[in-house]
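K.L.:
In my numbering, the protein residues as written are 95 to 304. Glycine included, every Cβ here is placed at the ideal spot set by N, Cα and C. I'd like to ask some things about the structure below.
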Ligand SMILES: [Cu+2]
């Protein structure tokens, strides 16, 4: 068993467990030990193959985006179906993808293709509290933690990677590091201080859909 240790915010360590082939398992927690959701882990490699017509869906439902966070590979076409019985008007001013879909109901005619890597923040002109994030990455090897703070990147070919972390509410860029992946499972535990999601100021639904 090999074990690499280093300090990042509090502590991050990797242990090769020799159980599963080519997988990265991540457990993210707050400094208090609570599970940290929506923590993105990305393995970058120059050998990554471009996305092959990948698709993703971000719903508008109950005056919210769902999911709150998506991670997609560069070139992914994202659909934004509106499941509410009233209109939304969604937009992004983020440099990797500036767009808007003006007041619409149902499914927009065309998906939006995210063709540059980076972080994109989504909003809605009608419902100020609606927010969602898309992290566009140049690799097929990524995962985000669920409510249990766990994430897995499976089927990672052997080789050297740069591991990056990202969270929609991070206050600063998180450090990167090199990571060698073999035919074994690698387990990472990390602790990070991420501000809680602010309380929504979501008013009761009125007849006009606000
Ligand atoms: Cu809306």
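I'd like to know if the segment 141-153 and the segment 232-239 are in contact, where contact means that at least 3 CB-CB pairs between them fall below 8 Å.
P.N.:
The answer is yes - the segment 232-239 touches the segment 141-153, with three or more Cβ pairs under 8 Å.
K.L.:
Who are the Cβ neighbours of residue 194 in its own chain at under 6 Å, not counting the five residues just before and after it?
P.N.:
As a position in the chain shown, residue 194 is number 100, starting the count at 1. Same-chain partners within the cutoff: 185.
K.L.:
For residue 191, count the other beta carbons within 10 Å of its own beta carbon; 16 or more makes it buried, fewer makes it exposed. Which is it?
P.N.:
By 1-based counting over the chain shown, the position of residue 191 is 97. That one is buried.
K.L.:
Quick one: is residue 100 buried, meaning 16 or more other Cβ sit within 10 Å of its Cβ, or exposed?
P.N.:
Mapped onto the chain shown, residue 100 falls at position 6. Unreliable positioning characterises residue 100 in this predicted model, as indicated by a pLDDT of 34, which lies under 50. A coordinate reading is not provided.
K.L.:
Does residue 178 come out as helix, strand or coil in the three-state DSSP assignment?
P.N.:
The residue given as residue 178 occupies position 84 in the chain shown. Residue 178: coil per DSSP, three-state reduction.
K.L.:
In the DSSP assignment, what residue or residues form a beta bridge with residue 212?
P.N.:
As a working note, residue 212 is residue 118 in the chain shown. Answer is 230, bridged to residue 212.
K.L.:
So for residue 253, helix, strand or coil by DSSP?
P.N.:
On the chain shown, position 159 is the one that residue 253 refers to. Three-state DSSP puts residue 253 in a strand.
K.L.:
Classify residue 98 as helix, strand or coil using the three-state DSSP reduction.
P.N.:
Along the chain shown, read from residue 1 onward, the residue named residue 98 stands at position 4. Residue confidence for residue 98 is low, a pLDDT of 31 falling below 50, so the modelled location carries little weight; the figure read from the coordinates is stated next. Residue state, collapsed to three classes: strand.
K.L.:
Contact defined as beta carbons within less than 8 Å: I believe residue 223 pairs with residue 296. What is the distance between those atoms, to the nearest angstrom?
P.N.:
For the purposes of this step, residue 223 is taken as residue 129 along the chain shown, with counting starting at 1. For the purposes of this step, residue 296 is taken as residue 202 along the chain shown, with counting starting at 1. Correct: roughly 5 Å between the Cβ atoms.
K.L.:
Return the residue from the list 135, 120, 127 that minimises the CA-CA distance to residue 262.
P.N.:
The count along the chain shown starts at 1 and reaches residue 262 at position 168. The shortest C-alpha separation from residue 262 is found at 135.
K.L.:
Compute the minimum distance between the beta carbon of residue 294 and the heavy atoms of ligand 2, and state whether it is under 7 Å.
P.N.:
Although ligand 2 was asked about, the structure shown includes only ligand 1 as ligands.
K.L.:
Can you give me the C-alpha to C-alpha distance between residue 157 and residue 174, rounded to a whole angstrom?
P.N.:
Sequence index remark: in the chain shown, residue 157 carries index 63 (1-based). Sequence index remark: in the chain shown, residue 174 carries index 80 (1-based). One C-alpha to the other measures close to 13 Å.
K.L.:
Taking 7 Å as the cut-off, is the CB of residue 167 close to at least one heavy atom of ligand 1?
P.N.:
Along the chain shown, read from residue 1 onward, the residue named residue 167 stands at position 73. Flag unset: Cβ of residue 167 not near ligand 1.
K.L.:
With respect to 7 Å, is the separation between the Cβ of residue 155 and the closest non-hydrogen atom of ligand 1 below this value?
P.N.:
Counting from 1 along the chain shown, the entry for residue 155 is found at position 61. The answer is no for residue 155.
K.L.:
Using the C-alpha atoms, what's the distance from residue 148 back to residue 169?
P.N.:
Start at 1 with the first residue of the chain shown, and residue 169 comes out as number 75. Start at 1 with the first residue of the chain shown, and residue 148 comes out as number 54. Answer to the nearest angstrom: the Cα atoms are 7 Å apart.
K.L.:
State buried or exposed for residue 252, treating a residue as buried only when at least 16 other CB atoms are found within 10 Å of its CB.
P.N.:
Here residue 252 is taken as the residue at index 158 of the chain shown, counted from 1. Answer is exposed; the Cβ neighbour count stays below 16.
K.L.:
Once the 5 residues before and after residue 256 are set aside, which same chain residues still bring their CB inside 7 Å of it?
P.N.:
Working through the chain shown from its first residue, we reach residue 256 at position 162. Excluding sequence neighbours, residue 256 sits near 138, 270, 272.
K.L.:
If you compare alpha carbons, which of 166, 127, 301 is closest to residue 207?
P.N.:
Residue 207 sits at position 113 when you count from the first residue of the chain shown. Comparing Cα positions, the closest option is 166.
K.L.:
Mind pulling the beta strand (DSSP E) runs of 3 or more residues that sit fully within the segment 235-304?
P.N.:
Those beta strand (DSSP E) runs which fall completely within the segment 235-304 and span 3+ residues are 236-238, 244-247, 253-260, 271-275, 279-285.
K.L.:
So residue 182 and residue 198 are supposed to be a Cβ contact under 8 Å. How far apart are they, rounded?
P.N.:
As a first step, residue 182 must be located in the chain shown, where it is residue number 88. As a first step, residue 198 must be located in the chain shown, where it is residue number 104. The Cβ separation is near 7 Å, so the contact holds.
K.L.:
Does at least one heavy atom of ligand 1 sit under 7 Å from the Cβ of residue 152?
P.N.:
As a position in the chain shown, residue 152 is number 58, starting the count at 1. No; taking the cut-off as 7 Å, the Cβ of residue 152 has no heavy atom of ligand 1 nearer than that.
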